[in-house]
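Each remark here refers to the structure printed beneath this line.
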Amino acid sequence: MTGSNRASHRISRRAFLIGGASAAAALGAYTLAGWIAEETYQPPSIDSAAPFDLSRRGAPTQPIAILVDPNSADSFGLYLGEVLRSEGLNAFQIENLTLIDTGYLTDFPIVLLPPAQLSPAQAVGLAGYVAQGGALMAMQPDAAIAPIFGIRPAEGTTSAGYLVARDGDRTPLQIHAEAAHYAPDGAAVIAELYHDRSTATGFPAITLFERERGRAVMFAYDLARNIALMRQGNPAAANQDRDGAEGNRANDLFVNWLDLDNIHIPQADRQARLFVKLIENVLRDRLPLPRLWYFPGAAHSLIVLTGDAHAAPASFIEDTLQTAESFGGRATVYYSPPADDGALNQLRRLVARLPLFGWLAPDRDGRPTSEVVKDWRERGHEFGVHPYVEDGVDEGYVRFLRAFHRDGYAPASPTVRTHRILWSGWVETARVQAKRGFRMNVDYYHIGPAFRAADGSWPAGHFIGSGLPMKFVDERGQIIDVYQQPTQLADEHWLATTYRGWAGLDGEQAAQVARELIDRCLDGAYAAVTVQHHMDFEPTDQPDYQHAKRWLTGILDYARERGLPIWTTEHWLAFTDVRHDAALTGLHWDSTSATLSFMFEAPGAAVEPLSILIPATFDGRRLVDIRVDDQAVVGRIDRAHGQEYAWVTAAAESHRFLVNYEVVS
Ligand SMILES: [Zn+2]
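With the first letter of the sequence shown counted as 1, position 250 gets the number 1315 in my numbering; the numbers rise by one all the way through.
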């Protein structure tokens, strides 16, 4: 804080005595009330969601069915649904594998089957579905249905392998999940299974088999589990300090797990997109699939701007918020009030909040008042909590939520970053966050010596294989209602001066790293690039502040130039939630009139509109026109995922789409 600010609050001893005498009674009552309020404060305590209801068969209303075995102890079938939502393919329903038969399945153009041991009746039901022209995509299919896929089971499995596509980009992608061995017996190999980056196993990772009208795709590994292992790290490394920087952090779960040569690639997203491409391929003449874009409007990536502040003065924070605003952005503050404030400080703060006697309590630390925080929130910034968890995750979260309440900052916003990004278990921290009312964390944080490449360089990128948010999944395949959003650009990793950063760069060098990362994101590695810019530094001529400022303004300037919105985590959460819950229903393709119809339903908050991507060509026909709620709209033609789409932006709520393609006689 500044000296002048301190002086303006200074009072004379005489004034203090006069005021003090008349204040005593009111103060006593107020202090007691404040103490009671703090002691009786109950932090949120939210029960985890009820297990997904699979007791009854749903009417087939969506084109995609995911079959989940309710008897399996650790199926990642529900998470496969999260993978589809992440890719904007929200037109699916989850059904109970034990309740299916051929007649029921034929109403679905495509059926997805996670690993499952099949009963003879289930195997017959699935075989009948494909024989009648269905499209089945299965992971590690049971030997009983291997012939459907044109494969034969073979000996052995491969652990810690790689996937190499036959066509196109042949960059090896990691497979953490165990892969089963099959020998092709008529199937075409889409991708091969490798032992390491350069040695083939001789077995396929993905195959495609088409016989008459039936189509069957085989994944030798559990794609959903693999994406979870890529994003959330190695469960066997939980609660271990592996990276050479003190403290158990989420990034410790990636040591000897992430192949650093692949950090520039969003490996998990790429495998999910390969999966979606195969879905589109087996439906290539049956149904055009619209999908939701990752970002608001036409943006191809986005900046999430955050900064931790440890009991920092309001003036330090205000400086960063004004910088964000000068680039048209908004920022999130993750704030740590002193958890255990001394009795005198508490008394002083209580006095400061008294309407008539506030001048009695000179502001000595310049920390934000509740009025200042209110102003920041009204300007569109986010003010969230930054809990210390050295004495336990839940203990820390509760203690800091109480301190937030005590200091007049409650309610804390629904996103969070844990102090020192300490992480517990594989998903224990996420469980506590869900219980305490948080919905998104930015705890997966690129920092430390383990991110140094063999050649000594410090690569930037996507250590969780993605720059996009997904909900956490636990060891048993249950979804935790908290999104994981990685932090790729932390000042304390890149900058030489701020907190002695590992990469040792100056402000301009670190800004260049960020610009190159943004370029790669815009070039197909679409990401919400999350920035950590600590707000603990006094705006002065000192190098620490100047380098951090140079770095931040370099990032924000480039983001503005390249069309990336600069959002708070809370805004990004609101958008992510609406997109996650949006539905594309009633998809119908009339091949005679070459018309695709569907409903888009996105209940909820007034956030930036979602973009719906509609294939610009389907089955050799060009898209002719689009009507939304009977109004003609012009879809902006743009490329994504290596193909052309018509982009239509729609506000939340419910809209009816009619899309006409060329009629071929
Ligand atoms: Zn911290």
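Glycine included, each C-beta is placed from N, C-alpha and C at the ideal position.
Since the model is a prediction, treat every value here as computed from it, not as a measurement.
Inter-residue spacing [alpha-carbon to alpha-carbon] between residue i and residue j
| i | j | result |
| --- | --- | --- |
| residue 1378 | residue 1512 | 26 Å |
| residue 1108 | residue 1291 | 35 Å |
| residue 1462 | residue 1470 | 12 Å |
| residue 1701 | residue 1647 | 21 Å |
| residue 1280 | residue 1155 | 22 Å |
| residue 1311 | residue 1514 | 11 Å |
| residue 1718 | residue 1677 | 13 Å |
| residue 1375 | residue 1593 | 25 Å |
| residue 1318 | residue 1704 | 35 Å |
| residue 1465 | residue 1582 | 34 Å |
| residue 1612 | residue 1555 | 13 Å |
| residue 1224 | residue 1266 | 11 Å |
| residue 1125 | residue 1664 | 15 Å |
| residue 1268 | residue 1621 | 47 Å |
| residue 1524 | residue 1562 | 19 Å |
| residue 1651 | residue 1681 | 20 Å |
| residue 1714 | residue 1188 | 42 Å |
| residue 1573 | residue 1600 | 19 Å |
| residue 1589 | residue 1709 | 14 Å |
| residue 1234 | residue 1256 | 11 Å |
| residue 1521 | residue 1586 | 24 Å |
| residue 1439 | residue 1571 | 35 Å |
| residue 1295 | residue 1706 | 21 Å |
| residue 1492 | residue 1567 | 27 Å |
| residue 1695 | residue 1660 | 14 Å |
| residue 1569 | residue 1278 | 59 Å |
| residue 1495 | residue 1725 | 45 Å |
| residue 1178 | residue 1435 | 52 Å |
| residue 1643 | residue 1360 | 11 Å |
| residue 1393 | residue 1275 | 52 Å |
Local Cβ density within 10 Å of residue i, reported as buried at 16 or more and exposed below that
| i | result |
| --- | --- |
| residue 1672 | buried |
| residue 1327 | buried |
| residue 1304 | exposed |
| residue 1531 | buried |
| residue 1165 | buried |
| residue 1185 | exposed |
| residue 1087 | Confidence at residue 1087 is low in this model, with a pLDDT of 48, below 50, so the placement of that residue should be treated as unreliable; the coordinate-derived value is given next. Burial call: exposed. |
| residue 1264 | exposed |
| residue 1501 | buried |
| residue 1111 | exposed |
| residue 1030 | Outside the shown range of the chain, which is 1066 to 1730, sits residue 1030, and nothing can be said about it. |
| residue 1518 | exposed |
| residue 1669 | exposed |
| residue 1133 | buried |
| residue 1387 | exposed |
| residue 1366 | buried |
| residue 1105 | exposed |
| residue 1716 | exposed |
| residue 1262 | exposed |
| residue 1497 | buried |
| residue 1251 | exposed |
| residue 1308 | buried |
Any non-hydrogen atom of ligand 1 closer than 7 Å to residue i Cβ
| i | result |
| --- | --- |
| residue 1373 | yes |
| residue 1485 | yes |
| residue 1451 | yes |
beta-carbon residue i near ligand 3 non-hydrogen atom, thresh 7 Å
| i | result |
| --- | --- |
| residue 1540 | As far as ligands go, the structure on display features ligand 1 and does not contain ligand 3. |
Anticipated Cβ contact below 8 Å, residue i with residue j, distance rounded
| i | j | result |
| --- | --- | --- |
| residue 1488 | residue 1456 | Contact flag wrong, Cβ pair sits at about 15 Å. |
| residue 1337 | residue 1151 | 6 Å |
| residue 1654 | residue 1353 | 6 Å |
| residue 1727 | residue 1689 | 6 Å |
| residue 1399 | residue 1329 | No, residue 1399 and residue 1329 are not in contact; Cβ-Cβ is about 27 Å, not under 8 Å. |
| residue 1480 | residue 1442 | Incorrect: roughly 13 Å between the Cβ atoms, too far for contact. |
| residue 1723 | residue 1692 | 4 Å |
| residue 1045 | residue 1205 | For residue 1045 there is no data in the structure shown, the boundaries of the chain being 1066 and 1730. |
| residue 1576 | residue 1615 | 7 Å |
| residue 1396 | residue 1389 | 4 Å |
Within-8 Å CB hit, residue i to chain C
| i | result |
| --- | --- |
| residue 1296 | No chain C appears in the structure shown, which is made up of a single protein chain. |
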